[in-house]
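Enquirer: Input: one structure, supplied below.
Number of protein chains: 2
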Amino acid sequence: MARTGRRPGNQDTRTAILAAARDAFAERGFDGASIRQIATSAGVDPALVHHYFGAKDKLFLATMEVPIDPGELLPKVFGPGIDGVGERLVRTFLSVWDSPAGSPAAALFRSALQHEWSARMLRDFLITQILRRAMSQLKIDPEEAPKRASLIASQMAGIVMVRYILKIEPLASMPADEVVRYVAPTIQRYVAEPLPKDA
Amino acid sequence: MARTGRRPGNQDTRTAILAAARDAFAERGFDGASIRQIATSAGVDPALVHHYFGAKDKLFLATMEVPIDPGELLPKVFGPGIDGVGERLVRTFLSVWDSPAGSPAAALFRSALQHEWSARMLRDFLITQILRRAMSQLKIDPEEAPKRASLIASQMAGIVMVRYILKIEPLASMPADEVVRYVAPTIQRYVAEPLPKDA
Numbered sequence: 001m002a003r004t005g006r007r008p009g010n011q012d013t014r015t016a017i018l019a020a021a022r023d024a025f026a027e028r029g030f031d032g033a034s035i036r037q038i039a040t041s042a043g044v045d046p047a048l049v050h051h052y053f054g055a056k057d058k059l060f061l062a063t064m065e066v067p068i069d070p071g072e073l074l075p076k077v078f079g080p081g082i083d084g085v086g087e088r089l090v091r092t093f094l095s096v097w098d099s100p101a102g103s104p105a106a107a108l109f110r111s112a113l114q115h116e117w118s119a120r121m122l123r124d125f126l127i128t129q130i131l132r133r134a135m136s137q138l139k140i141d142p143e144e145a146p147k148r149a150s151l152i153a154s155q156m157a158g159i160v161m162v163r164y165i166l167k168i169e170p171l172a173s174m175p176a177d178e179v180v181r182y183v184a185p186t187i188q189r190y191v192a193e194p195l196p197k198d199a
Numbered sequence: 001m002a003r004t005g006r007r008p009g010n011q012d013t014r015t016a017i018l019a020a021a022r023d024a025f026a027e028r029g030f031d032g033a034s035i036r037q038i039a040t041s042a043g044v045d046p047a048l049v050h051h052y053f054g055a056k057d058k059l060f061l062a063t064m065e066v067p068i069d070p071g072e073l074l075p076k077v078f079g080p081g082i083d084g085v086g087e088r089l090v091r092t093f094l095s096v097w098d099s100p101a102g103s104p105a106a107a108l109f110r111s112a113l114q115h116e117w118s119a120r121m122l123r124d125f126l127i128t129q130i131l132r133r134a135m136s137q138l139k140i141d142p143e144e145a146p147k148r149a150s151l152i153a154s155q156m157a158g159i160v161m162v163r164y165i166l167k168i169e170p171l172a173s174m175p176a177d178e179v180v181r182y183v184a185p186t187i188q189r190y191v192a193e194p195l196p197k198d199a
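Protein chains in written order, with UniProt numbering: chain G, 1 to 199; chain R, 1 to 199.
The structure is reproduced here in structure tokens:
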């Protein structure tokens, strides 16, 4: 990023905020961390944190170096409601991961698993930035939403593992349309079908 | 392991074989590596490799420090055939991962993802020691078997990620019977239902 008249210290300020945010999110989780605490740790005014990053969720994305903003994609997938959501989710997911954003996303996923603290941050990201919003936008019964969300996550995390990280064929090279045909019914069932009761 | 009259060199021999095997499996894959090559690299006779480890698949398990032998479990899951296989697979899988073997298995999974070479070994392990055998024991059409196997792998790898590594609730703490009720139908569909054709 070219500097045009800005003090060299500005980049250091941004770095200090990111470092403080990483510590805060890792120690207290997304919900438990606050912009005020992060600003205090970084030695800056909270307004400056908002200036550089906007809201806490944007700061969280920047801290984790997430290559895409789920806040922009989720309404297209979940806004139309339950009908067809399985197909929209799998298709959109694959379009992101098959795009140039896929390599940094896989690197993020891989590196997040190496430490308990970074795995916790990835978990927080998935829950607070994706799953919780998805269930809310779909208007899923709050009683069932966490179960449904974690089942959906299990299938999508598995696609990440098999298609993008372990690269098990033929799923690794399968055309996106074909993956959608096979996996979308699973997601649709996890979202919409009655959850089986004890026999 | 207590030494009773064995030469101290024996442990070094075992270690040398394991080191040579790790290199061979990482470079050439399970199918491409041979006991003869491994023995030559380790500076021992192939008979000695068989003496310490038995067949190549047992050497592979030892190299990867897999805490359980899938060769012993798979026939119970897949031998009875397609009917009920989804339930048997998920139930057995959870009983292994919820057991004391689960922690070393998660550590193995986690560490395997950190390097391309170890991810390749994990992939080889899953394909050659589990998926290929599962499809064979179930007598799945060889034309469809790799697709079905990779779909099954995607859901089970996702369970590993969400329940055991990222620990996303409530799936992380859900009673095994409940996980079976929700996930077994997915596996059953991937094994047995006609794979959807292009619309």
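Note that beta-carbon positions come from the ideal geometry of N, C-alpha and C, so glycine has one too.
Below 7 Å between beta carbons: does that hold for A39/G and G158/R?
Expert: no
Enquirer: Let me make sure I understand the geometry here. Which of A145/R, R14/R, P146/R has the alpha-carbon closest to that of A62/R?
Expert: R14/R
Enquirer: My parser needs the beta strand (DSSP E) runs of 3 or more residues fully inside the segment 58–113 of chain G; what are they?
Expert: If only uninterrupted beta strand (DSSP E) runs of at least 3 residues are considered, none is enclosed by the segment 58–113 of chain G.
Enquirer: Is it the case that the CB of I140/R approaches a heavy atom of the ligand GDP more closely than 6 Å?
Expert: Judged by which ligands are present, the structure shown has none, so any question about the ligand GDP falls away.
Enquirer: Fully enclosed by the segment 140–169 of chain G, which alpha helix (DSSP H) runs are 4 residues long or longer?
Expert: 145–159
Enquirer: In whole angstroms, what separates the C-alpha of D31/R from that of N10/R?
Expert: 27 Å
Enquirer: Going along the UniProt domain "HTH tetR-type" (11–71) of chain G in order, which residues come within less than 7 Å of chain R, judged by CB to CB distance?
Expert: none
Enquirer: For M121/R, which of S95/G, P80/G, H115/G, I168/G has the nearest alpha-carbon?
Expert: Out of S95/G, P80/G, H115/G, I168/G, I168/G has the C-alpha closest to the C-alpha of M121/R.
Enquirer: Under 7 Å, do A184/R and G54/R count as touching if we go by C-beta distance?
Expert: no
Enquirer: Any residues in the segment 95–120 of chain R with a beta carbon nearer than 7 Å to a beta carbon of chain G? Which ones, in chain order?
Expert: R110, L113, Q114, A119
Enquirer: What does the alpha-carbon distance come out to for the pair R123/R and L166/G?
Expert: 6 Å
Enquirer: Taking the alpha helix (DSSP H) that V191/G belongs to, which residues open and close that run?
Expert: If you look at V191/G, you'll find it in the alpha helix (DSSP H) that goes 176–192.
Enquirer: Let's test the definition: count the other Cβ atoms within 10 Å of the Cβ of K139/G and tell me whether it reaches 16, buried, or not, exposed.
Expert: exposed
Enquirer: Quick one: list the residues of chain R neighbouring R123/G, beta-carbon separation under 8 Å, in chain order.
Expert: L166, K167, I168
Enquirer: Three Cβ pairs or more, each shorter than 8 Å: is that satisfied between the segment 141–155 of chain R and the segment 131–146 of chain G?
Expert: no
Enquirer: Exposed or buried, which one is T4/R when buried takes at least 16 other CB atoms within 10 Å?
Expert: With a pLDDT of only 49 at T4/R, under the threshold of 50, the placement of this residue in the model should not be trusted; the figure read from the coordinates follows. Looking at its Cβ environment, which holds fewer than 16 other Cβ atoms inside 10 Å, T4/R is exposed.
Enquirer: Is it buried or exposed for S154/R, if we count other Cβ within 10 angstroms and need 16 for buried?
Expert: buried
Enquirer: How long is the line joining the alpha carbons of A107/R and A47/G, rounded to whole angstroms?
Expert: When rounded, the separation of the alpha-carbon atoms in A107/R and A47/G is 42 Å.
Enquirer: For A33/G, which of helix, strand or coil comes out of DSSP?
Expert: Looking at A33/G - three-state DSSP - the assignment turns out to be coil, as it is neither helix nor strand.
Enquirer: In the DSSP assignment, the alpha helix (DSSP H) including Q129/G goes from what residue to what residue?
Expert: First-last for Q129/G: undefined, no H or E at that position.
Enquirer: Any beta-carbon of chain G closer than 7 Å to the one on P196/R?
Expert: yes
Enquirer: Could you tell me which chain G residues have their CB closer than 9 Å to the CB of R133/R, listed as they occur along the chain?
Expert: In chain order: nothing, as chain G lies at least about 15 Å away.
Enquirer: Check each candidate in R110/R, P170/R, E116/R and name the one with the smallest Cα separation from L131/G.
Expert: Closest option to L131/G, Cα to Cα, is P170/R.
Enquirer: Is there a Cβ from chain G that is less than 7 Å from the Cβ of A157/R?
Expert: yes
Enquirer: Buried or exposed for Q114/G, please, with buried defined as at least 16 other CB atoms from any protein chain shown within 10 angstroms of its CB.
Expert: Burial call: exposed.
Enquirer: Between which two residues does the alpha helix (DSSP H) carrying L48/R extend?
Expert: Here the alpha helix (DSSP H) through L48/R covers 46–53.
Enquirer: Kindly say whether A153/R, judged by its beta-carbon, lies nearer than 7 Å to any beta-carbon of chain G.
Expert: Taking 7 Å as the threshold, the shortest C-beta distance from A153/R to chain G falls below it.
Enquirer: Using only the alpha-carbon positions, how far apart do P194/R and T92/R sit?
Expert: 25 Å
Enquirer: Between R91/R and chain G, is there a C-beta pair that is closer than 7 Å?
Expert: no
Enquirer: Where does S136/G land, buried or exposed, given buried means 16+ other C-beta within 10 angstroms?
Expert: exposed
Enquirer: Could you name the residues of the same chain whose beta carbon sits closer than 6 Å to that of A42/R, not counting the 5 residues immediately before and after it, in chain order?
Expert: Here the set comprises A16, I17, A20.
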